[in-house]
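Trainee:
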Amino acid sequence: MNTALKNLLDILDLEQIEDDIFRGSSPEDRQQRVFGGQVAGQALVAATRTVPVARQVHSLHAYFIRPGDPLVPIVYTVDRVRDGRSFSTRRVVAVQHGKAIFTLSASFQVPENGPDHHTPMPEAPDPETLPTGFDRFAKLFGTKIAEQFMAHRPFDLRHATPLTWEAKGKPELATPESVVWLKANDKLPDDPTLHVCLMTYASDMTLLDTVLVNHGLAWGDNRTVGASLDHAMWFHRPFRADEWLLYVQETPSAGGARGFARGQVFTQTGDLVVSVAQEGLVRVTDL
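Position 59 (the sequence shown) corresponds to 51 in the numbering used here; numbering is contiguous.
1. Give the straight-line distance between the Cα atoms of Val274 and His187, rounded to the nearest whole angstrom.
2. In chain order, which continuous runs of the beta strand (DSSP E) of length 3 or greater are located wholly inside the region 58 to 96?
3. Tell me whether Ala(-4) is buried or exposed, calling it buried when 16 or more other Cβ atoms sit within 10 Å of its Cβ.
4. Rounded C-beta distance between Gly212 and Leu200? I'm assuming under 8 Å.
5. So within the region 153 to 194, which uninterrupted alpha helix (DSSP H) runs reach at least 4 residues, ignoring any that extend past its ends?
6. According to DSSP, which residues form a beta bridge with Leu237?
7. Do you know offhand how far Pro244's Cα is from Ile9's?
8. For Arg128 and Val87, I'd like the C-alpha separation in whole angstroms.
9. Apart from the five residues just before and just after Pro119, which ones in its own chain have a Cβ nearer than 7 Å to its Cβ?
10. May I have the straight-line CA-CA distance separating Val26 from Thr81, to the nearest angstrom?
11. Could you check whether Asp183 and Tyr55 sit closer than 8 Å to each other, using their CB atoms as the reference points?
12. Grouping DSSP H, G and I as helix and E and B as strand, with all else coil, what is Gly134?
13. Measuring straight from C-alpha to C-alpha, what distance separates Arg229 and Pro123?
14. Cutting at 7 Å between CB atoms, please list the residues of its own chain near Ala176, excluding the five before and the five after it.
Below you can see the structure in the form of structure tokens.
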């Protein structure tokens, strides 16, 4: 299996240290704060392990409270808020150094039938026709940096719209929308919970970038700093994270040093499977 993907699966495989208490680690290559998608994915794993297998997550709402320290474990405590006939609710608190760094509430439901409709998938280039992430980064930063960066990516991302660094300082490339094909870098087990947790991780990888592209900014440009503030997801239909998924993102608003972005995730056959919303801190030093 792809090394970066295997490392991610290992990180999502939490250690249970007591009833409803779990412990997770961070990648050894993280030198600053913990990646938001990681703590969200791990928290969802913790919640899922306290719910009957037949109940699948249909929504989650999370807040990032403090930066995570990648050098120490994260402890996840799960509160079994309610188990009804059809729904289960869980609340998870992630703790480091005796303080909460993240909270997540998730709702799970038994499979049921009902009305069925969804927004159609917008037109997008076939993912195989788009340049790889390595090709785009190599053109921007050179082969060596591209190799180092891509070695730690568990997902294959193919952008149909400009990267932040491609649009930096170029008003003609500014756009409030971002379109990205993504899939895990290798074949995955059939466990549907694993695919949901991996998509939770991946959903945080590019969403706030949409805000930056719209203003010609980029992370690491010596002007822009930011972080996820909250994150919400709704899971509409089953999907596989090791098959191409189209992540259509838009930013309706930015202001007050905060940027808001929304996303919709479609399968290659056009089914809407996930909706995402996020607000993040976006500070620019020379504004």
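Just so you know, even glycine gets a beta-carbon here, dropped at the ideal spot from N, CA and C. Owing to the predicted nature of the structure, the values given are computational and were not obtained by experimental measurement.
Mentor: On the basis of the supplied data:
1. Within the sequence shown, residue 274 is the residue found at index 282, counting from 1. Within the sequence shown, residue 187 is the residue found at index 195, counting from 1. The straight-line gap from Cα to Cα measures roughly 29 Å.
2. 66 to 75, 79 to 88
3. By one-based count along the sequence shown, residue -4 stands at place 4. Ala(-4) should be labelled buried.
4. As a working mapping, residue 212 is identified with position 220 in the sequence shown. As a working mapping, residue 200 is identified with position 208 in the sequence shown. Not confirmed; about 13 Å, so no contact.
5. 156 to 159, 184 to 194
6. On the sequence shown, position 245 is the one that residue 237 refers to. Leu237 pairs with Leu174, Thr259.
7. By 1-based counting over the sequence shown, the position of residue 244 is 252. By 1-based counting over the sequence shown, the position of residue 9 is 17. When rounded, the distance between both Cα atoms is 42 Å.
8. Here residue 128 refers to the residue found at position 136 when the sequence shown is read from its first residue. Here residue 87 refers to the residue found at position 95 when the sequence shown is read from its first residue. Going from the Cα of Arg128 to the Cα of Val87 covers about 37 Å.
9. Taking the first residue of the sequence shown as position 1, residue 119 is located at position 127. Arg150, Trp173, Trp236.
10. Along the sequence shown, read from residue 1 onward, the residue named residue 26 stands at position 34. Along the sequence shown, read from residue 1 onward, the residue named residue 81 stands at position 89. Computed Cα separation, rounded: 26 Å.
11. For the purposes of this step, residue 55 is identified with residue 63 of the sequence shown, where counting begins at 1. For the purposes of this step, residue 183 is identified with residue 191 of the sequence shown, where counting begins at 1. No; because the gap between Cβ atoms is not below 8 Å, this pair is not in contact.
12. Taking the first residue of the sequence shown as 1, we reach residue 134 at position 142. Note: Gly134 maps to coil in three-state DSSP.
13. Counting from 1 along the sequence shown, the entry for residue 229 is found at position 237. Counting from 1 along the sequence shown, the entry for residue 123 is found at position 131. Straight-line Cα distance between these residues: approximately 29 Å.
14. Residue numbering aside, residue 176 sits at position 184 when the sequence shown is read from its first letter. Leu(-3), Pro146, Phe147, Leu190, Ala233, Asp234, listed in sequence order.
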